[in-house]
Amino acid sequence: MSFPDSVIEQAWNRAGGMCECRKLSHSHGSDRCGNQLAYAIRGKDGPGRWEAQLKNRTGGDLLSNCEILCWNCFKRSQYEG
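Numbering-wise, the sequence shown is residues 1 to 81 according to our numbering.
Below you can see the structure in the form of structure tokens.
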């Protein structure tokens, strides 16, 4: 499932251009990751690379179910299931 552009833009604005990951299993602990991201680098190689991810696989493509993650957090989340 992919998010509509409008949802991604709203999530990006909410995130303030920084990774929203708060997963305890990641090296940032319970704090927000906060890596600085670049809007134009979504899914591309380079500094500031990021992706939008579902928080809950059954939650739909809503803003409340979308999180903006740096590439490192995104890839780790994919492996964690």
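Backbone N, C-alpha and C define an ideal beta-carbon position, used for all residues, glycine too.
- Q36 sits exposed, since fewer than 16 C-beta atoms from the chains shown fall within 10 Å of its C-beta.
- Counting along the chain, C33 sits inside no alpha helix (DSSP H), nor does DSSP assign it H or E at all.
- Measuring C-alpha to C-alpha distances from C19 to each of A38, T58, D5 identifies A38 as the nearest.
- Here A40 is exposed, its C-beta having fewer than 16 other C-beta atoms within 10 Å.
- Using a C-beta cut-off of 8 Å, the stretch 53-64 makes no contact with the stretch 22-33, since fewer than three inter-stretch Cβ pairs fall below that distance.
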